[in-house]
Amino acid sequence: MSKNSLFLGICILCLTTSSLLAQSKAITSSKKPSLDSTQKAKDESANWKKESKAILSELGIQQIGAKSKTSPKKKKTEIKDEYEGVKTERRIGSYGSGNRATVEELNVVKYVEDEALSPYSLEIWWYDPAQSRVVNSPIKDSKNAQICHGPYRKFVHDNLVEEGHFYMGVKDGRWENYGPEFELENKQYYKKGFPAESIISYYDKEQKKIKEVIPKAYGKIVGQYLSFFPNGLLKEEGKLDDSVKVGRWREYHEKGSGGRLKKEWRYGKDKFDTFAPVLVQERDNQAKIIYQSTQKFD
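Those letters in the sequence shown? Residues -22 to -1, 1 to 276, by mature numbering (1 follows the signal peptide of the UniProt record, and there is no 0).
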């Protein structure tokens, strides 16, 4: 044992003994201490601490017991080759450079049958080998597309920024986003593509044919609203801000050649905007324009 270590041990022992003696006197004494004696004890304790810090400083030891200000990186968990009873294959996506160098860890399902993908999902997330990244653009060939299914993690400059799970190309369960100091910035819950709190109504008792999806998060009606025809085709879509229609809303024909768009409306930017809704355009089921507004929108 070095002299410095021995000297440090003696200092700590003295400081601990002094503290214990002071506590013992306070416990065994039946008399209420006077103001002077209490102040004297505080002064002695302060002097002990001051002297101890000075000794420790001479030995090159600073801030014993202080918490580290650097947050540890989130521990990686191994991605399995199976999720929800479906066999998966692991993929690593990589793109960008420098401080924006991005790595995506995910699992995919290959050779997915068309019926395995939900017809009610407007966005399907899949891995594009050509770009070496996850995208949510329309899939032209679902049989050869590598559909995201299972755990997903995204790193930017070696820092974890997003993680969650996919279920057949849609977000499922808890999703979290992290800031530069690994602090939690956002957390959302999904149920097979829709916000977990969403109010979903169905055409059938088996709850397979969705009629309407009213988005709900943290007790408020907010997010993407959707309604469908009995055949599964989109009937109406738009965004709600605390139950108020905002932005662009579209209505569709159940059947039509050359496109199904029926009407397009424009509402205010948020629930506080008093902007009166404007009909942008209207079309028949042959895609012929019946009405077109001359007003321009962003």
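Glycine residues also receive a C-beta, built at the ideal position from the N, C-alpha and C atoms.
key: Assumed close pair Trp104, Cys126 - CB separation to whole angstroms, cut-off 8 Å   = Taking the sequence shown and counting its residues from 1, the one referred to as residue 104 is at position 126. Taking the sequence shown and counting its residues from 1, the one referred to as residue 126 is at position 148. About 6 Å; that satisfies the 8 Å criterion.
request  = Run through the stretch 100 to 154 for me and flag every whole alpha helix (DSSP H) of 4 or more residues, listed as ranges in chain order.
outcome  = If only uninterrupted alpha helix (DSSP H) runs of at least 4 residues are considered, none is enclosed by the stretch 100 to 154.
request  = Provide the residue span of the beta strand (DSSP E) that contains Ile178, from first to last.
outcome  = In the sequence shown, counting from the first residue as 1, residue 178 sits at position 200. Annotation for Ile178: the continuous beta strand (DSSP E) segment containing it runs 177 to 180.
query = Per DSSP, what kind of secondary structure is Asn263 in: helix, strand or coil?
reply = Numbered from 1 along the sequence shown, position 285 holds the residue referred to as residue 263. In this structure, Asn263 counts as coil in the three-state DSSP scheme.
task = Tell me where the beta strand (DSSP E) around Glu215 begins and ends.
result = Here residue 215 refers to the residue found at position 237 of the sequence shown. Here the beta strand (DSSP E) through Glu215 covers 212 to 219.
Coil, strand or helix - Asn85 by DSSP = The residue labelled residue 85 in the question sits at position 107 within the sequence shown. In the structure shown, Asn85 sits in a strand (DSSP, three-state: E or B).
query = With which residues is Ser271 paired in a DSSP beta bridge?
reply = As a first step, residue 271 is located in the sequence shown; it is residue number 293 there, counting from the start. In DSSP, Ser271 forms no bridge with anything.
ask   = Where does Asn77 sit, in a helix, a strand or coil, going by DSSP?
value = Within the sequence shown, residue 77 is the residue found at index 99, counting from 1. For Asn77, the three-state secondary structure derived from DSSP is helix.
task = Please report how far the alpha carbon of Leu204 lies from the alpha carbon of Asn114, in whole angstroms.
result = Counting from one through the sequence shown, the residue named residue 204 turns up at place 226. Counting from one through the sequence shown, the residue named residue 114 turns up at place 136. One C-alpha to the other measures close to 18 Å.
request  = Can you give me the Cβ contacts of Gln270 inside the same chain, cut-off strictly under 6 Å, excluding the 5 residues immediately before and after it?
outcome  = In the sequence shown, residue 270 corresponds to position 292, counting from 1. Counting only Cβ-Cβ distances below 6 Å, and skipping sequence neighbours, we find Gln259.
query = Exposed or buried, which one is Pro173 when buried takes at least 16 other CB atoms within 10 Å?
reply = The residue you call residue 173 lines up with position 195 of the sequence shown. Residue burial annotation: Pro173 is buried, with at least 16 other C-beta atoms found within 10 angstroms of its C-beta.
request  = Report buried or exposed for Arg78, applying the criterion of at least 16 other Cβ atoms within 10 angstroms of its Cβ.
outcome  = Locating residue 78 in the sequence shown gives position 100, counting from the first residue. Label assigned to Arg78: exposed.
request  = Could you give the DSSP three-state label for Val222: helix, strand or coil?
outcome  = For this step, residue 222 is matched to residue 244 along the sequence shown. In this structure, Val222 counts as strand in the three-state DSSP scheme.
task = If I'm right that Glu215 touches Gln202 with Cβ under 8 Å, what's the distance once you round it to whole angstroms?
result = Within the sequence shown, residue 215 is the residue found at index 237, counting from 1. Within the sequence shown, residue 202 is the residue found at index 224, counting from 1. Yes, Glu215 and Gln202 are in contact; Cβ-Cβ is about 7 Å, under 8 Å.
query = So who's on the other strand from Leu239, going by DSSP bridges?
reply = Translated into the one-based positions of the sequence shown, residue 239 becomes position 261. Residue pairing by DSSP places Leu239 opposite Tyr230 in a beta bridge.
Inter-stretch contact (C-beta, 8 Å, three-pair minimum) for the stretch 167 to 186 and the stretch 129 to 139 = Verdict: no, contact absent.
request  = Consult DSSP for Ala195 and reduce its assignment to one of helix, strand or coil.
outcome  = Your numbering for residue 195 matches position 217 in the sequence shown. Looking at Ala195 - three-state DSSP - the assignment turns out to be strand.
inquiry  = What does the alpha-carbon distance come out to for the pair Phe206 and Lys213?
reply    = Looking up residue 206 in the sequence shown gives position 228. Looking up residue 213 in the sequence shown gives position 235. Rounded to whole angstroms, Phe206 to Lys213 spans 5 Å at the Cα level.
key: Beta carbon of Asn263 nearer than 7 Å to that of Gly234   = On the sequence shown, residue 263 is found 285 positions in, with the first residue counted as 1. On the sequence shown, residue 234 is found 256 positions in, with the first residue counted as 1. Cβ atoms of Asn263 and Gly234: closer than 7 Å.
ask   = Roughly how many angstroms separate the alpha carbons of Ser246 and Gln273, rounded to a whole number?
value = Within the sequence shown, residue 246 is the residue found at index 268, counting from 1. Within the sequence shown, residue 273 is the residue found at index 295, counting from 1. It should be pointed out that residue 246 corresponds to Gly in this sequence rather than to Ser. Separation of Gly246 and Gln273 (C-alpha to C-alpha, rounded to the nearest whole angstrom) is 14 Å.
Closest residue to residue 277 among Thr66, Glu161, Ile199, Ser99 (Cα-Cα distance) = No answer is possible for residue 277: it lies beyond the span of the chain, which begins at -22 and ends at 276.
message = Which residue wins for smallest C-alpha separation from Val224, given the options Val256, Lys240, His231, Asn155?
response = Locating residue 224 in the sequence shown gives position 246, where the first residue counts as 1. The residue with the shortest Cα to Cα distance from Val224 is Val256.
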